[in-house]
Amino acid sequence: MNLLITGITGFVGSHLADYILQNHPDNELYGIKRWRSPLDNINHIKKLKLYDCDLRDLSSLITVFGKIKPDIIFHLAAQSFVSTSYTAPADTIDTNVVGTVNLLETVRILKINPIIHICSSSEVYGQVSEKDVPIKESCPLRPVSPYAVSKVGEDMAGLMYYEAYGLKTIRTRMFTHTGPRRGRVFVVSFFAKQLAQIEKKIQEPVLRVGNLDSVRTFCDVRDAVRAYWILVHKCKPGEVYNVGGTVTKTIREMLDMLLSHLNFPGKIQIK
Numbered sequence: 674m675n676l677l678i679t680g681i682t683g684f685v686g687s688h689l690a691d692y693i694l695q696n697h698p699d700n701e702l703y704g705i706k707r708w709r710s711p712l713d714n715i716n717h718i719k720k721l722k723l724y725d726c727d728l729r730d731l732s733s734l735i736t737v738f739g740k741i742k743p744d745i746i747f748h749l750a751a752q753s754f755v756s757t758s759y760t761a762p763a764d765t766i767d768t769n770v771v772g773t774v775n776l777l778e779t780v781r782i783l784k785i786n787p788i789i790h791i792c793s794s795s796e797v798y799g800q801v802s803e804k805d806v807p808i809k810e811s812c813p814l815r816p817v818s819p820y821a822v823s824k825v826g827e828d829m830a831g832l833m834y835y836e837a838y839g840l841k842t843i844r845t846r847m848f849t850h851t852g853p854r855r856g857r858v859f860v861v862s863f864f865a866k867q868l869a870q871i872e873k874k875i876q877e878p879v880l881r882v883g884n885l886d887s888v889r890t891f892c893d894v895r896d897a898v899r900a901y902w903i904l905v906h907k908c909k910p911g912e913v914y915n916v917g918g919t920v921t922k923t924i925r926e927m928l929d930m931l932l933s934h935l936n937f938p939g940k941i942q943i944k
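So the sequence shown is residues 674 to 944, counted in my numbering.
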């Protein structure tokens, strides 16, 4: 089969590529990326065909998809930083919503019939009351950031193209995930980088933190991509699935886990 990953140079996309090539090497793997995307996460991958393509450019998508004729599409490309979405809300919505609609339009125009995994986010649920925990897919959507709004749009576009045109879309709402290659602005990586610098005496023994009482479910990215593979082979088009860890932890507990691995004799001040 021809498998296509959008956002393949990113954190999740690169791990998905690793998983596929290690466990299902008989497939042809393709990726699309923006021309300026760094390749650090995928430089080690040899059996991969890459195309430069902007999701906001419908004509370039039609050209590339016409060449690949994908059987399965993992649509992971996105502007994925919540903080950035506040400073660039229009660009976030353009990339995430218009980009997704263009992808779906490309499939419709070319009359190809791939399974399309659309990766949304748990951010679509917003502030959840205790009575809604554990969060189910039927929980109301209450987006509280431009990023979350864009993910609602992406999610609903996937549903609409299934209902209106019969495209085989499957949507996921991903909860907090972490692992190797995670960007340094995300909480676990942010702590880990500081602690590594403290251990090497590059940074003074002061750890800067935010709200340590916030509660999250954490999922290893390698488990997440395995779930993505399973869902495109086992789940029903038109459905939406939450993907996340099974255990909740506070940010403080995650920090304590990192501190337990630290080889530093002195005292660390937490701010």
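By construction, the Cβ of each residue, glycine as well, lies at the ideal position given by its N, Cα and C atoms.
Cβ pair Ser818, Glu796 closer than 9 Å
Translated into positions along the sequence shown, residue 818 becomes position 145. Translated into positions along the sequence shown, residue 796 becomes position 123. Yes, these two residues count as a Cβ contact at 9 Å.
Less than 8 Å between the CB atoms is what I'm expecting for Ile745 and Ile788, so what's the real figure, rounded?
Locating residue 745 in the sequence shown gives position 72, where the first residue counts as 1. Locating residue 788 in the sequence shown gives position 115, where the first residue counts as 1. Going by Cβ atoms, the distance from Ile745 to Ile788 rounds to 5 Å, so yes, they are a contact pair.
Looking only at its own chain, which residues have a Cβ that is under 7 Å from the Cβ of Cys792, when we skip the five neighbours before and after it?
Position 119 of the sequence shown, counted from the start, is the residue given in the question as residue 792. His748, Leu749, Thr845, Met847.
Asp893 versus Asp699, Gln752, Val861, residue with shortest Cα-Cα distance:
Locating residue 893 in the sequence shown gives position 220, where the first residue counts as 1. Nearest of Asp699, Gln752, Val861 to Asp893, Cα basis: Val861.
For Phe864, count neighbouring Cβ atoms within 10 angstroms of its own Cβ and tell me buried if that reaches 16, exposed if not.
Translated into the one-based positions of the sequence shown, residue 864 becomes position 191. The residue in question, Phe864, is buried, as its Cβ has 16 or more Cβ neighbours within 10 Å.
May I have a chain-ordered list of the beta strand (DSSP E) segments no shorter than 3 residues that lie completely inside the region 872-937?
The qualifying runs are 888-890, 913-916, 921-923.
Quick check: what's the CA-CA separation for Met674 versus Val685?
Residue 674 sits at position 1 when you count from the first residue of the sequence shown. Residue 685 sits at position 12 when you count from the first residue of the sequence shown. Taking the straight line joining both Cα atoms gives about 21 Å.
Using 9 Å as the threshold, is the C-beta distance between His688 and Gly831 below it?
Stepping through the sequence shown from its first residue, residue 688 is reached at position 15. Stepping through the sequence shown from its first residue, residue 831 is reached at position 158. Contact flag unset, no.
Please state whether DSSP places Asn775 in a helix, a strand or coil.
Reading the sequence shown from its first residue, position 102 is the one you call residue 775. Three-state DSSP puts Asn775 in a helix.
Is Asn696 close to the ligand FAD? I mean its beta-carbon at under 8 Å from any heavy atom of the ligand.
No copy of the ligand FAD occurs in the structure displayed, which carries no ligand at all.
Spatially closest choice to Gln942 from Ile843, Gln867, Asp725, Asp828, by CA coordinates:
For the purposes of this step, residue 942 is identified with residue 269 of the sequence shown, where counting begins at 1. Residue Gln867 is the option with its Cα nearest to Gln942.
Nearest to Ile735 (by Cα), restricted to the options Lys907, Arg854, Glu778:
The residue you call residue 735 lines up with position 62 of the sequence shown. Ranking the options by Cα distance to Ile735, first place goes to Glu778.
Mark Ser933 as exposed unless 16 or more other C-beta atoms lie within 10 angstroms of its C-beta, in which case mark it buried.
The count along the sequence shown starts at 1 and reaches residue 933 at position 260. The residue is exposed, with fewer than 16 neighbouring Cβ atoms inside 10 Å.
Using CA coordinates, which residue listed in Pro816, Thr757, Asp725, Leu928 is at the minimum distance from Ser794?
The count along the sequence shown starts at 1 and reaches residue 794 at position 121. Of the candidates Pro816, Thr757, Asp725, Leu928, the one whose C-alpha sits nearest the C-alpha of Ser794 is Pro816.
May I have the straight-line CA-CA distance separating Val888 from Leu783, to the nearest angstrom?
Your numbering for residue 888 matches position 215 in the sequence shown. Your numbering for residue 783 matches position 110 in the sequence shown. Straight-line Cα distance between these residues: approximately 44 Å.
Using CA atoms only, rank isn't needed, just tell me which of Pro878, Ser756, Leu885 is closest to Met927.
As a working note, residue 927 is residue 254 in the sequence shown. Cα-wise, what sits closest to Met927 is Leu885.
Same chain, Cβ closer than 6 Å to Glu701, five either side skipped, listed in chain order
Along the sequence shown, read from residue 1 onward, the residue named residue 701 stands at position 28. Excluding sequence positions up to five before and after Glu701, its CB lies within less than 6 Å of the CB of Asn675, all in the same chain and listed in chain order.
Taking just the CA atoms, how far does Thr890 sit from Met930?
Within the sequence shown, numbered from 1, the residue matching residue 930 stands at position 257. Within the sequence shown, numbered from 1, the residue matching residue 890 stands at position 217. Rounded to the nearest angstrom, the two C-alpha atoms are 15 Å apart.
How long is the line joining the alpha carbons of Ala763 and Ser732, rounded to whole angstroms?
By 1-based counting over the sequence shown, the position of residue 763 is 90. By 1-based counting over the sequence shown, the position of residue 732 is 59. Using only the alpha carbons, I get a separation of about 21 Å.
Min CB distance Ser823 to chain B below 9 Å
In summary, chain B is missing from the structure at hand, where a single protein chain is found.
Per DSSP, cross-strand counterpart(s) of Met847:
Numbered from 1 along the sequence shown, position 174 holds the residue referred to as residue 847. Bridge partners of Met847 according to DSSP: Ser794, Val916.
Look at Leu904 and Ile843 and say whether their C-beta atoms are less than 9 Å apart.
Start at 1 with the first residue of the sequence shown, and residue 904 comes out as number 231. Start at 1 with the first residue of the sequence shown, and residue 843 comes out as number 170. Yes, these two residues count as a Cβ contact at 9 Å.
Hey, Val806 and Leu814: beta-carbon distance below 9 Å or not?
Against the sequence shown, residue 806 aligns to sequence position 133. Against the sequence shown, residue 814 aligns to sequence position 141. No; because the gap between Cβ atoms is not below 9 Å, this pair is not in contact.
When Lys907, Val913, Gly680, Ala751 are compared against Cys812, the one with the closest alpha-carbon:
Your numbering for residue 812 matches position 139 in the sequence shown. Of the residues Lys907, Val913, Gly680, Ala751, the one whose Cα lies closest to the Cα of Cys812 is Val913.
Just to confirm, are Asp691 and Arg707 a CB contact at a threshold of 9 Å?
As a working note, residue 691 is residue 18 in the sequence shown. As a working note, residue 707 is residue 34 in the sequence shown. Result no, Cβ atoms of Asp691 and Arg707 do not sit closer than 9 Å.
What's the C-alpha gap between Ile785 and Lys841?
Here residue 785 corresponds to residue number 112 of the sequence shown, with the count starting at 1. Here residue 841 corresponds to residue number 168 of the sequence shown, with the count starting at 1. Cα to Cα, Ile785 sits roughly 10 Å from Lys841.
Assuming contact is defined by CB atoms lying nearer than 9 Å, are Thr765 and Leu728 in contact in what I supplied?
The sequence position of residue 765 within the sequence shown is 92, counting from 1. The sequence position of residue 728 within the sequence shown is 55, counting from 1. Going by C-beta atoms, Thr765 is not nearer than 9 Å to Leu728.
Give the straight-line distance between the Cα atoms of Tyr835 and Arg781, rounded to the nearest whole angstrom.
Here residue 835 corresponds to residue number 162 of the sequence shown, with the count starting at 1. Here residue 781 corresponds to residue number 108 of the sequence shown, with the count starting at 1. If you take the alpha carbons of Tyr835 and Arg781, they lie about 11 Å apart.
6 Å CB neighbourhood of Cys908 in its chain, flanking five on each side removed:
Translated into the one-based positions of the sequence shown, residue 908 becomes position 235. Taken in chain order, the residues that qualify are Ile843.
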